[in-house]
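Just so you know, the protein sequences line up as chains H and E, in that order. The first sequence begins at 5 in the numbering used here and counts up one residue at a time. The second sequence begins at 738 in the numbering used here and counts up one residue at a time. A short write-up of the structure that comes next.
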Amino acid sequence: MSQPFLKVEGLAKNYPGVTVFEDIHFGIDKGEFACIIGHSGCGKTTILNVLAGLDEASDGVVIMDGREISGASLDRGVVFQGHALLPWLSALDNVAFGVRSRWPGWSRKEVVEHSAKYLEMVGLDGAMHKKPAELSGGMKQRVGIARAFAIQPKMLLLDEPFGALDALTRGTIQDELLAIVQATKQTVFMITHDVDEAILLADKILLMSNGPFARIAEIVQVTMPRERTRSTMHHDPQYYRIRNHLVDFLVNRSQDYAGENAITHDAKHPPVVTPGLDQSAEVVELPRQTSRAPAEKARAY
Amino acid sequence: MKDDRPWLAPFLSMLFLVVFLGLWHLATLKTEREVIVDPEYAALIGAAAATGGQSAMPGPAEVGAKLWEHISDPFYDNGTNDKGIGTQLAHSIARVAIGFGLAALVAVPLGFLIGMSPLVYKALDPFIQILKPISPLAWMPLALYTIKDSNVSAVFVIFVCSLWPMLINTAFGVASVRRDWVNVARTLEVSRLRTAFQVILPAAAPTIMTGMRISVGIAWLVIVAAEMLVGGTGIGYFVWNEWNNLSIANIITAILFIGVIGMLLDLTLARLARAVTYRE
């Protein structure tokens, strides 16, 4: 097998007295969409920041496209949790800020045209000259996405981009992101707390156990056909199997990977599971009361 | 709530002014008093003074007349000790502008450096803390001794008093720029220089402008006192000179002008501050 496009090997982060996570190994292939799910404090954001080059790991390496990552780079576009738009610039100028950095030789006209194209892509053609303060939360995050896509990075890193949005807006932007990612064959690494969001968007979902000493507990392959939509996804029998598996992990199993009775597993090769294809899971069919309650709880993540 | 009586506040302002002028007028009314001194002595020093009827404190009408006199001819020049109030104000404003401008040239880049580096911040902090509370006038003798030029010394005093608020505010503004914005610049591989000018400077600009506004306010307070000390020209010197002439009407006129110019300086900087303020 060839090397994956992005390879994370033995990543660890220590603060004095605390090891947040250690022995993190995973790979992401070109064009693959990977989501990472885990409870707060397991170091998801730190991992993303290391991939982005904004933070340094205590141990381990990250290799992208055959080269080790050191420092931030235009090769990796980041969509920040709190959109992080520069409030004194218009939506267009916010996107152009990155474009100018990517292609320093371009004329002003080229920069504007290119930036406008990406704002149109996220449906913001009417709001290009507005300042972030004049945009709604969803529109701001769209600008953030346009800014990340506009520099045409080799990989996109999304830090819980829809966390602060209301459910309706979130759904719309998820659909848009899905369409854009499928059209551009973008490689994506995304943090989310939303199980449904992960199933809708991801090819594979990395499950992280609780910190401290967090690690990748499992890799869930989303085996549903790639052409998913929010409106039809829940008709697929695989959907519930995968969803139950994820919720079950978050509620019951995520704390079992550290401490005295830790489940021991090969951190270099975390088990890859395909709950969607697991027919037996359906036969067992979790009792309604127990499957309900965790599902309700999972919504909070 | 919408203000449905927008004229009320200005009306009240006018009312207060009228009441104040009225009280002032009543308080300074000249009353004929009986001659209480020896007639020979009265003849010697002048009848008015002898009766005590003429107070040195002028009424509003007198001050108004003086004010009009100054406004209608602000730039006359009758020698060293008798220049128009416009000329005096212009000298003061020029000193403040030069001192403040030089202070800005030093404070903003230095504050930038301090704000960018926690190490430099810590290293310079004790000096700033000790130098900040020193009355700028305390530097005056030192300035006069070393610079040996009263005019430059006054500018130096303005420089010193303008420095600290701008320095501290710039450092604070730069140090508290949102981490996210700097991270955006980093992930976009924006050069350090471009980050400084296009991310940190605009982000800190409102705080820097606040510092400038405080500085110019202090500078305008200090220039009057400084000019009283160094003499020669300027509105502070004018006030002191008129005190020596015991011309209270001139002093009150000067005080009014000092207030108006101070307000205009503040308004100008407030306008500039609004231009660089952004909404998050």
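From the three backbone atoms N, C-alpha and C, an ideal C-beta is built for every residue, glycine too.
- In this structure, H:L210 is the residue among H:Q85, H:L210, H:A56, H:A171 with its C-alpha nearest to the C-alpha of T278 of chain H.
- Interface annotation, N920 of chain E: in contact with chain H, CB-CB separation under 8 Å.
- Sequence-ordered contacts of the stretch 152-169 of chain H with chain E read I155 [C-beta pairs closer than 8 Å].
- Secondary structure of R80 of chain H (DSSP, three-state): strand.
- Along the length of the stretch 800-870 of chain E, whole alpha helix (DSSP H) runs at least 4 residues long occupy 822-853, 855-868, reported in chain order.
- Straight-line spacing of the CA atoms in C46 of chain H and A221 of chain H works out to 12 Å.
- Contact with chain H is found for L925 of chain E, since one of that chain's Cβ atoms lies less than 8 Å from the residue's Cβ.
- Using a 10 angstroms sphere on the CB of R929 of chain E, the tally of other CB atoms stays under 16, which defines it as exposed.
- Among the CB atoms of chain H, none fall inside 8 Å of the CB of V914 of chain E.
- Put simply, the CB of D1003 of chain E is far from chain H, with every gap to its CB atoms at 8 Å or more.
- Using a CB distance cut-off of 8 Å, R929 of chain E does not count as an interface residue toward chain H.
- For D741 of chain E, not one C-beta of chain H is nearer than 8 Å to its own C-beta.
- Distance check between T765 of chain E and each of E:P795, E:M903, E:L754 places E:P795 closest, using alpha-carbon atoms only.
- Comparing alpha-carbon positions, the option among H:G148, H:R247, H:D207 lying closest to K189 of chain H turns out to be H:D207.
- Here DSSP, grouped into helix, strand and coil, assigns V914 of chain E to coil.
- Straight-line measurement puts the Cα of L749 of chain E at about 20 Å from the Cα of H762 of chain E.
- Here S899 of chain E is buried. Its C-beta has 16 or more other C-beta atoms within 10 Å.
- Taking one beta carbon from each stretch, the stretch 892-909 of chain E and the stretch 865-879 of chain E have 3 or more pairs nearer than 8 Å; the two touch.
- By the Cβ-count criterion, F193 of chain H is buried, with 16 or more other Cβ atoms from all chains shown falling within 10 Å of its own Cβ.
- By the beta-carbon neighbour count (other beta carbons within 10 angstroms, threshold 16), L760 of chain E is exposed.
- For K113 of chain H, the enclosing alpha helix (DSSP H) stretches over residues 112-125.
- Scanning chain E for C-beta atoms nearer than 8 Å to the C-beta of S77 of chain H yields T924, E926, reported in chain order.
- Using a Cβ-Cβ cut-off of 8 Å, Y882 of chain E does not count as an interface residue toward chain H, since no Cβ of chain H sits closer than that to its own.
- I32 of chain H and T191 of chain H do touch by the CB rule: their CB atoms are close to 6 Å apart, below 8 Å.
- Beta-bridge analysis with DSSP links K208 of chain H to H:A38, H:Q225.
- Residues of the stretch 851-883 of chain E with a C-beta less than 8 Å from any C-beta of chain H: none at all.
- In the displayed model, L169 of chain H falls within coil according to three-state DSSP, outside both helix and strand.
- Between V936 of chain E and chain H, the shortest Cβ-Cβ separation is below 8 Å.
- Ranked by how close their Cα comes to the Cα of G70 of chain H, the residues H:V12, H:T173, H:R232, H:D198 have H:V12 in first place.
- Against R80 of chain H, the close residues of chain E are T924, in the order they occur along the chain (beta-carbon pairs closer than 8 Å).
- Taken through DSSP and simplified to helix, strand or coil, M949 of chain E comes out as helix.
- Within the same chain, V857, Y858, L861, A908 come within 7 Å of I851 of chain E by CB-CB distance, once the 5 residues on both sides are set aside.
- V115 of chain H is not a Cβ neighbour of I149 of chain H, given a cutoff of 8 Å.
- At a Cβ-Cβ threshold of 8 Å, G973 of chain E and A986 of chain E do not count as neighbours.
- With contacts defined as CB atoms closer than 8 Å, H828 of chain E and T970 of chain E qualify as a contacting pair.
- E72 of chain H sits exposed, since fewer than 16 C-beta atoms from the chains shown fall within 10 Å of its C-beta.
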